[in-house]
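J.: Residue numbering for the sequence shown follows the numbering used here, starting at 202 and increasing by one per position. Beta carbons are placed, not taken as given, at the ideal position from N, Cα and C, and that holds for glycine.
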Amino acid sequence: MARLTVDFYSDVLQKHTSMTVILPESSNNQYGKINELKNPEPMKTLYLLHGFTDDHTIWTRRTSIERYAESYGIAVVMPDVDHSFYSDMKFGKAYWTFLSEELVEKAERFFPFSQSRSDRYVAGLSMGGYGAIKWALRHPNQFAAVASLSGVLDLATREHGDEAIDEVMYQVYGDQSISDTEEDVFYLLKKCVSNNRTLPKIYLACGQEDFLFEGNLAFKRLLDDLSVPAMTTFDHGTHEWGYWDKHIEKVLAFLPL
């Protein structure tokens, strides 16, 4: 695998930003590993989103995503969105527009990635799990599969009780409630089903000891109520990298590669 840091100018953000990209290599015998990549072009691609305190480098520093991706011959794109909750901030940058309108276009221009829905996937942890589900439900025609690991899925109704997080939430959304809006993944799921949209495959995981477990359980109940199929794992675990490292490998096995 090749690991690159890509620094580029974003027209949406009106500033330079960065993304970490993992690319399959043509070699099939490095360190005895067999790379499943049959043809280097076009590449299947996973967009992998970071959490609240993290950046575009975190997945490659805290997990074995590079090693896992090597086994599947898949490219991985990890953008940087600061504390935005993958939203257009009321007092900040338009990270949702950057994510949904510019990032994929840039990535597919820079690299030989497939432009087919069937070859494009999105996943994330915590804040990134929320971002992944929101992205997939607002643009279900863009991805074949979505995965949320310990996602902040009840963001629209959650009471944080933390002054620092409350301040960030104000910067993102102001005083406006996001319940029953395009920022509410429960609302988005119901809207997709009501409009008979074809949904991506869904993978949902959260540890039972995680402080976000109840929100994930509520989202699973809504999936069941709406008869939306999903691969759901509520095993033992907390909000930590050992849990996410284990599950990102399972996510890659889940993807329709």
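What runs of the alpha helix (DSSP H), each 4 residues or longer, lie entirely inside the segment 273-347?
T.: For the segment 273-347, whole alpha helix (DSSP H) runs of length 4 or above, ordered along the chain, are 305-311 and 328-339.
J.: Rounded to a whole number of angstroms, what is the C-alpha to C-alpha distance between His340 and Ser395?
T.: Near 15 Å, if we compare the C-alpha coordinates of Ser395 and His340.
J.: Just how far apart, CA to CA, sit Thr221 and Ile449?
T.: Spanning the two alpha carbons is a distance of roughly 17 Å.
J.: Spatial neighbours of Val452 within its chain, please: CB distance less than 6 Å, with the 5 preceding and 5 following residues excluded, ordered by chain position.
T.: Closer than 6 Å at the Cβ level, and outside the excluded window around Val452, lie Ala324, Ala348 and Tyr404.
J.: Figure out for me which residue from Lys391, Leu356 and Glu368 has the closest Cα to the Cα of Ser380.
T.: Checking every option, the nearest Cα to that of Ser380 belongs to Leu356.
J.: Using only the alpha-carbon positions, how far apart do Leu224 and Ser211 sit?
T.: Roughly 22 Å separates the two Cα atoms.
J.: Going by C-alpha to C-alpha distance, which of Glu306, Tyr287, Lys291 and Glu303 sits closest to Trp297?
T.: For Trp297, the nearest C-alpha among the options comes from Tyr287.
J.: Which same chain residues, not among the five before or five after Met202, have their C-beta less than 7 Å away from its C-beta?
T.: Ile223, Leu224, Pro225, Glu226, Glu267, Ala270 and Glu271, listed in sequence order.
J.: Measuring straight from C-alpha to C-alpha, what distance separates Asp363 and Phe253?
T.: If you take the alpha carbons of Asp363 and Phe253, they lie about 14 Å apart.
J.: Which ranges does the beta strand (DSSP E) cover as unbroken runs of at least 3 residues, wholly within the segment 344-422, from first to last along the chain?
T.: For the segment 344-422, whole beta strand (DSSP E) runs of length 3 or above, ordered along the chain, are 346-350 and 402-406.
J.: What residue range does the beta strand (DSSP E) around Asp446 cover?
T.: Taken as a continuous stretch (DSSP letters only), Asp446 belongs to no beta strand (DSSP E), being part of the alpha helix (DSSP H) at Trp442 to Phe455.
J.: Measuring only the C-alpha atoms, how far is His299 from Thr218?
T.: Reading off the sequence, residue 299 comes out as Phe, not His. The alpha-carbon atoms of Phe299 and Thr218 are separated by roughly 11 Å.
J.: Give me, in chain order, the residues of the same chain whose beta-carbon lies closer than 6 Å to that of Ser319; leave out the 5 immediate sequence neighbours on both sides.
T.: Around Ser319: Ala345.
J.: To the nearest angstrom, how far is the alpha carbon of Arg321 from that of Trp445?
T.: The alpha-carbon atoms of Arg321 and Trp445 are separated by roughly 21 Å.
J.: Nearest to Pro313 by alpha carbon, out of Thr246, Phe420, Trp442 and Ile259?
T.: Of Thr246, Phe420, Trp442 and Ile259, the residue nearest in Cα terms is Thr246.
J.: Go ahead and label Asp385 buried or exposed: buried means 16 or more other beta carbons lie within 10 angstroms of its beta carbon, across all protein chains shown.
T.: Buried, since its Cβ has 16 or more Cβ neighbours within 10 Å.
J.: Check whether the Cβ atoms of Val429 and Leu456 lie closer than 9 Å to each other.
T.: Their beta carbons are not under 9 Å apart, which means Val429 does not touch Leu456 by this criterion.
J.: Is it true that the CB of Leu458 sits closer than 9 Å to the CB of His440?
T.: No, these two residues do not count as a Cβ contact at 9 Å.
J.: Considering only C-alpha positions, which residue in the set Asp425, Asp411, Asp208 and Asp426 is nearest to Lys307?
T.: Closest option to Lys307, Cα to Cα, is Asp208.
J.: Can you give me the C-alpha to C-alpha distance between Ala406 and Leu326, rounded to a whole angstrom?
T.: Rounded to the nearest angstrom, the two C-alpha atoms are 10 Å apart.
J.: Please name the residue in Asp283, Leu424 and Arg204 whose C-alpha comes closest to that of Ile334.
T.: Here the closest residue by C-alpha is Leu424.
J.: Classify Leu354: buried if its beta carbon has 16 or more other beta carbons within 10 angstroms, exposed otherwise.
T.: With 16 or more other Cβ atoms within 10 Å, it is buried.
J.: Hey, Gly330 and Leu390: beta-carbon distance below 9 Å or not?
T.: Their beta carbons are not under 9 Å apart, which means Gly330 does not touch Leu390 by this criterion.
J.: Exposed or buried, His437, counting other C-beta atoms within 10 Å across all chains shown (16 or more means buried)?
T.: Flag for His437 reads exposed.
J.: Does the distance from the C-beta atom of Val277 to that of Tyr248 stay below 9 Å?
T.: The answer is yes: Cβ separation under 9 Å.
J.: Could you spell out the range, first to last residue, of the alpha helix (DSSP H) harbouring Thr261?
T.: Ile259 to Arg263 is the span of the alpha helix (DSSP H), which, as asked, contains Thr261.
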